[in-house]
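This report concerns only the one structure given below.
Numbering (our numbering), first residue to last: 113 to 680.
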């Protein structure tokens with residue numbers, strides 16, 4: 113008899129219980145990012161998924177534990193596969209977290225690397241503790257990656273330290289599960305109390321503390337959407353918080369109220385919050401800023417805007433297409449290989465992309481640039497070349513433009529330059545400034561159309577309405593074409609929207625379209641433009657504080673007559 117072949121035991125999976133923090137994706141730990149990058153399955157509530165999904169690898173399966181719709185996309189297409197647990201697939205009477213525990217175990221038993229992400233810290237999540245016990249009972253290996261606890265992170269972002277030099281006692285209470293005994297204990301204490309509750313129930317929680325012995329004039333702060341650019345904090349006392357929220361027109365929520373963190377205590381620094389509120393006092397805090405560029409082009413600019421507290425929204429105004437006749441580009445690329453050129457000059461990221469795509473089409477790589485000097489205009493263009501494996505020999509030392517490049521470009525010298533020709537791959541609408549300047553310096557120029565720029569498709573109707581209706585606080589115009597194209601595909605920005613332009617030519621085009629320019633960069637750089645907008649926001653905030661007025665965003669102004677454009 114032949115020996116019986118036993119089936120191989122299934123590969124053992126692994127579960128990582130990961131704390132996603134209170135809401136700011138920047139608070140994820142390095143270990144959390146590493147775990148997300150290696151996960152096969154990601155299980156989380158919808159709002160937590162929004163925080164962690166950008167760090168997940170392409171093709172990871174995502175599981176919502178509180179969704180009511182189902183959607184999916186093909187793995188490997190750039191969009192993660194989405195597996196949603198809807199209401200119909202959840203066992204009757206079993207909460208979503210119970211279903212999540214089942215999914216975690218099922219995936220782990222299938223040999224998957226599972227990340228179970230929870231808000232705040234897993235050690236403070238009761239359901240996560242139950243799921244850990246389930247893993248332990250089933251022999252499924254797991255680990256815990258701590259996160260910033262919501263009850264600690266939110267007060268820090270609200271400018272409310274929980275302890276002082278005297279070592280104030282700090283107690284944490286979840287008002288949704290607190291017993292009468294718990295309220296009695298914290299009411300008898302004179303320390304700081306951090307209460308996790310909802311916006312609809314915060315007044316009731318304040319009443320519980322007063323009933324338990326706290327004085328009605330005890331200071332407290334209430335923060336909603338903490339650590340995000342939607343954060344808002346109110347300062348009051350236990351006795352006045354209900355009236356404060358009413359005056360702020362905070363309406364009851366049909367969903368049962370948004371989660372909030374309330375900090376109560378004489379020494380909780382609530383009275384000093386106006387000096388310690390570092391996050392909400394950022395110059396562009398909460399501003400919705402329209403960036404008329406693609407996500408790829410706007411990446412570093414959007415990061416800079418976020419550092420000022422803004423919420424960037426990228427809207428492409430141009431689309432890039434191949435040239436109508438590719439033969440000229442093909443001859444020029446072959447000329448690079450055969451030694452036709454002394455220099456190649458890139459004036460945009462799109463030019464780098466166009467040449468790189470043509471190289472790949474011919475099976476070439478960065479080695480084809482050997483012996484050729486390379487020039488680049490702008491930091492992003494230089495970085496695109498470096499990513500291709502090519503370090504530019506010349507980047508303008510001053511203005512990042514054609515004029516700035518010509519300032520540093522050497523004249524042709526037949527003694528030192530064996531070849532007198534420059535390859536200039538550009539857009540079909542590029543100006544002749546650079547070509548004329550190079551010819552004046554003694555060079556022959558092959559000015560080649562590497563790509564065409566066409567007006568992009570209109571953005572979604574919601575975005576168009578926000579542009580025309582004052583839903584954006586500011587718009588950054590980085591060229592005259594972005595002004596013309598944005599107005600053409602989406603309409604004219606509302607009169608309350610702050611208009612920021614990269615230079616005089618762009619500002620002139622904006623004014624010709626009936627817009628008043630509020631901000632202009634001191635030099636033609638997108639990063640200087642963002643700095644100038646932040647300076648404008650800081651001055652606007654300071655003026656409101658000095659006048660005793662509330663600090664509002666431009667989109668929160670009362671609608672009035674349309675502004676006239678500035679006089680020339």
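All C-beta atoms in this analysis are idealised placements derived from N, C-alpha and C, irrespective of residue type, glycine included.
The model shown is predicted, which means the values in this text are computed figures rather than measured ones.
Check: residue i C-beta below 6 Å from any heavy atom of the ligand MG
i	result
residue 569	The ligand content of the structure shown is nil, which means the ligand MG is not present either.
Cβ-Cβ separation, residue j to residue i (assumed contact under 8 Å), whole Å
i	j	result
residue 145	residue 167	5 Å
residue 508	residue 516	4 Å
residue 640	residue 646	The Cβ separation is near 11 Å, so there is no contact.
residue 612	residue 644	7 Å
residue 295	residue 324	5 Å
residue 610	residue 631	6 Å
residue 340	residue 136	6 Å
residue 476	residue 488	Rounded, the Cβ-Cβ distance is 19 Å, inconsistent with contact.
residue 140	residue 164	7 Å
residue 259	residue 233	5 Å
Per-residue DSSP class, three states only, for residue i
i	result
residue 221	helix
residue 269	helix
residue 553	coil
residue 515	helix
residue 501	coil
residue 667	helix
residue 623	helix
residue 200	Its pLDDT being 29, under 50, residue 200 is placed unreliably by the model, and nothing is read from it.
residue 391	coil
residue 611	strand
residue 386	helix
residue 235	helix
residue 130	strand
residue 242	helix
residue 662	coil
residue 707	One cannot answer for residue 707 here, as it falls past the ends of the chain, which runs 113 to 680.
residue 595	helix
residue 561	strand
residue 604	coil
residue 137	helix
residue 264	helix
residue 536	strand
residue 679	For residue 679, the predicted model reports a pLDDT of 39, less than 50, meaning its position is unreliable; a value from the coordinates is still stated below. Looking at residue 679 - three-state DSSP - the assignment turns out to be coil, as it is neither helix nor strand.
residue 645	helix
residue 125	coil
Burial state of residue i (16 or more Cβ within 10 Å)
i	result
residue 541	exposed
residue 343	buried
residue 585	buried
residue 180	Residue confidence is low: residue 180 scores 38 on pLDDT, short of 50, so the model does not pin down where it sits. Its coordinate-derived value is still stated next. Residue 180 is exposed by the Cβ-count criterion.
residue 420	buried
residue 405	buried
residue 574	exposed
residue 416	buried
residue 158	exposed
residue 185	Because residue 185 sits at a pLDDT of 33, beneath the cut-off of 50, its placement in the model cannot be relied upon, and the point is left open.
residue 306	buried
residue 150	exposed
residue 556	exposed
residue 600	exposed
residue 668	exposed
residue 563	buried
residue 569	exposed
residue 320	buried
residue 285	buried
For residue i, the nearest candidate out of the options (CA to CA)
i	options	result
residue 226	247, 238, 241 and 239	247
residue 270	640, 471, 479 and 134	134
residue 220	173, 512, 263 and 260	173
residue 469	491, 631 and 434	434
residue 649	399, 471 and 628	399
residue 458	466, 228 and 213	466
residue 481	441, 502 and 260	502
residue 638	529, 581 and 511	511
residue 376	351, 667 and 169	351
residue 532	635, 260 and 453	453
residue 587	635, 548 and 402	402
residue 474	298, 132 and 443	443
residue 521	455, 666 and 493	455
residue 436	539, 337, 484 and 245	539
residue 615	629, 338 and 550	629
residue 499	231, 598 and 478	478
residue 384	348, 412, 355 and 362	348
Inset, instruction - Identify every run of the alpha helix (DSSP H) within the segment 141 to 166, keeping only runs that are complete inside it and at least 4 residues long; order them along the chain. - result: Qualifying alpha helix (DSSP H) stretches, in chain order: 142 to 149 and 158 to 164.
Legend entry - Runs of beta strand (DSSP E) lying entirely within the segment 293 to 378, each at least 3 residues, in chain order: The segment 293 to 378 contains these whole beta strand (DSSP E) runs: 304 to 310, 331 to 336, 344 to 349 and 371 to 376.
Legend entry - Complete alpha helix (DSSP H) runs within the segment 416 to 483 (minimum length 4 residues, chain order): DSSP runs (the alpha helix (DSSP H)) wholly in the segment 416 to 483: 439 to 450 and 461 to 474.
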